[in-house]
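Read the structure below first, then the notes.
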Amino acid sequence: MTIRVRIAPSPTGNLHIGTARTAVFNWLYAHNQEGKFVLRIEDTDLERSRSEYTENIKSGLEWLGLTWDEGPFFQTQRLDKYTAAIQTLIDRGLAYSCYCTPEELDKMRENQKAKGLAPRYDNRHRNLSSEEKAAFEAEGRKPVIRFKIDDDREIVWQDKVRGRVSWQGSDLGGDMVVARAGETEAIGQPLYNLAVVVDDIDMAITHVIRGEDHIANTAKQILLYEALGAKVPEFAHTPLILNQDGKKLSKRDGVTSIDDFRKMGFLPEALANYMTLLGWTPPDSTEEIFTLEEAATKFDLGRVNKAGAKFDWAKLDWINSQYLHKMPANELVELLIPYWQSAGYEVNLDSDRSWLESLTAMVTPNLTRLANVVEETKLLFGESVEYTDEAIEFLKQEGVDLVLQEAITAIEEADTLETADAKGIIKQVTKSQKVKKGLVMRSLRAGLTGEMHGPDLIQSWVLLNQKQLDRGRLSKALSLI
RNA sequence: GGUGCUGUAGACAAAUUGGUAAAGUCACCUGCCUUUCACGUAGGGGUUUGCGGGUUCGAUCCCCGUCAGCACUGCCA
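Numbering of the first sequence is given in my numbering, commencing with residue 1 and proceeding in unit increments.
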């Protein structure tokens with residue numbers, strides 16, 4: 001039998017890191033089992049669903065490399081199927097009309113809480129007589145459809161991650177609503193648990209892999225599978241992603257959408273790599289850098305952790321830096337150009353390309369996120385330099401002025417400045433001024449960049465020279481002394 | 001309030017019929033490399049396995065209790 005899994009996001013927001021991680025696990029399992037990965041958009045909440053979120057979810061999954069084999073399917077295009085399933089439940093006597101108003105239900109729960117009882121629906125309309133129903137109808141009340149949940153029933157399943165899980169029917173909150181009240185139609189909009197089950201049956205999903213916040217839903221859904229006479233799939237509940245405080249990562253934590261991560265300069269391969277590690281450990285592995293394909297060959301739901309996975313920015317940064325550092329400059333430069341542009345640096349895409357590529361090669365080891373490039377290269381752009389106190393102090397040391405003076409003269413005499421030329425000048429100045437090479441290097445660094453630390457000095461100088469910025473900067477430094 | 005789950009170094013975590021506690025990765029510290037920072041590389045420190053009992057020759061693992069954290073408890077998904 002072909003393994004079939006799915007990711008079923010609701011388009012009520014941008015693609016969230018938690019959804020994406022669930023997608024990762026589903027994708028890995030599908031690829032490990034040579035199965036199919038299905039994308040289904042759960043848009044039955046008409047109030048909150050937006051088509052732009054659907055687009056964001058699709059593009060986010062694609063960006064991460066989480067390609068789906070089938071879909072996207074939309075629940076709003078399948079409403080007939082849900083209505084038919086609900087009708088089946090009614091016909092079988094497993095579901096019924098409930099005329100309670102939201103206000104009545106609120107009051108009921110308040111009373112229960114006041115008495116120290118667990119809030120739940122008390123199944124009060126389960127056995128309404130036809131006269132009672134007619135009376136509610138006459139009042140103009142529109143019923144929801146509730147699915148009967150036997151309080152005495154124990155629901156048990158073998159979870160692929162958590163082992164045996166059991167749930168008592170009485171802890172499921174009473175008979176569950178499967179359809180909203182309809183305006184004119186007898187059966188209104190279907191609700192999540194019903195739609196999910198109908199779809200998973202219809203799409204022949206064999207393994208439902210989702211977050212552990214769905215565990216109670218799984219118990220309810222198993223009852224629906226049985227009521228609809230369908231085979232119950234396997235379930236695997238993955239741990240939640242936690243923030244630094246150990247709470248479920250939510251929008252309040254700031255950066256949580258895949259879009260945000262992309263804008264901050266994380267590479268899709270790195271982010272996907274990190275997400276595989278959120279709750280899963282590769283077997284006998286000492287290597288944590290790998291592609292989704294590599295991870296898929298080793299992926300096993302049995303090695304998924306039960307404890308929540310705390311989100312670790314430092315580790316994500318490290319993984320991202322590993323990918324960045326391995327990337328060839330001619331590819332990386334293309335990713336960096338938008339960051340320079342949005343920072344307002346003057347970048348001529350025709351004439352500057354090779355200069356930018358050299359610049360990229362120089363600062364690559366310093367990059368953790370793409371966006372860092374703005375800060376890391378700011379000293380190489382523009383006429384003006386801001387000198388740090390440390391640099392000014394250094395420049396005022398005895399002999400520095402003469403070093404800079406001679407360097408300026410040397411630049412003026414040279415047509416172009418290659419790496420070898422720069423080295424030659426440094427050697428020449430060192431000799432004629434009778435100082436240590438380190439003093440010359442640091443003098444040039446302070447004079448050219450205004451700082452005492454930074455990327456390779458000779459390369460920096462060559463790049464500045466190509467932009468004809470070196471002489472002016474050194475002269476300015478001299479004027480400060 | 002109820003139900004469920006989880007608890008191993010700062011973080012992610014390994015230890016899969018109970019067998020010397022802690023592999024590995026990140027972070028941290030140190031040496032090397034470098035004009036410097038970073039990268040790289042070679043080392044290093046860090047644990048009463050939440051706590052208390054029990055079973056056992058032996059417990060991170062099984063049992064009981066306890067504490068803490070989290071999730072769920074909708075005419076949301």
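Each residue gets a CB set at the ideal place from its N, CA and C atoms; glycine is no exception.
Query, Result
"Anticipated Cβ contact below 8 Å, aspartate 199 with glutamine 75, distance rounded", "7 Å"
"In DSSP terms, what glutamine 158 is bridged to", "Arg164"
"DSSP beta-bridge partners of threonine 218", "In DSSP, threonine 218 forms no bridge with anything."
"Sequence-distant residues of its chain with Cβ nearer than 6 Å to leucine 324 (five each side left out)", "Leu367"
"6 Å Cβ shell around leucine 316 - same chain, five flanking residues per side excluded", "Tyr274"
"With 16 other Cβ atoms within 10 Å as the buried cut-off, status of histidine 125", "buried"
"Contact under 8 Å by Cβ, glutamate 451 with threonine 388", "yes"
"Minimum length 4: unbroken alpha helix (DSSP H) runs contained in the segment 8 to 82", "17 to 32, 51 to 64"
"Beta-ladder partner(s) of tyrosine 96, from DSSP", "Arg146"
"Unbroken alpha helix (DSSP H) run spanning glycine 472, endpoints", "470 to 480"
"Contacts around glutamate 406, its chain only, beta-carbon distance under 6 Å, and the 5 residues preceding and following it disregarded", "Val429"
"Inter-residue Cα distance where the pair is glycine 93 and arginine 4", "31 Å"
"Distance, glutamate 287 Cα to lysine 437 Cα", "41 Å"
"Ranges of the alpha helix (DSSP H) found wholly within the segment 395 to 444, counting only runs of at least 4", "400 to 413, 419 to 433"
"Beta-carbon proximity check, isoleucine 209 vs asparagine 26, cutoff 8 Å", "yes"
"Range of the contiguous beta strand (DSSP E) that encloses methionine 176", "176 to 179"
"The alpha helix (DSSP H) enclosing arginine 353, as first and last residue numbers", "353 to 363"
"Span of the beta strand (DSSP E), counted from its first residue to its last, around phenylalanine 235", "234 to 238"
"Backbone secondary structure at arginine 109 - three-state DSSP", "helix"
"Anticipated Cβ contact below 8 Å, lysine 142 with alanine 181, distance rounded", "4 Å"
"Collapsed DSSP secondary structure at arginine 4 in the structure displayed", "strand"
"Per-residue burial, threonine 360 [other beta carbons within 10 Å of its own, 16 or more giving buried]", "buried"
"Three-state secondary structure (DSSP) of alanine 85", "helix"
"Chain-order list of residues whose beta-carbon lies under 6 Å from that of phenylalanine 381 (same chain, five-residue window excluded)", "Tyr345"
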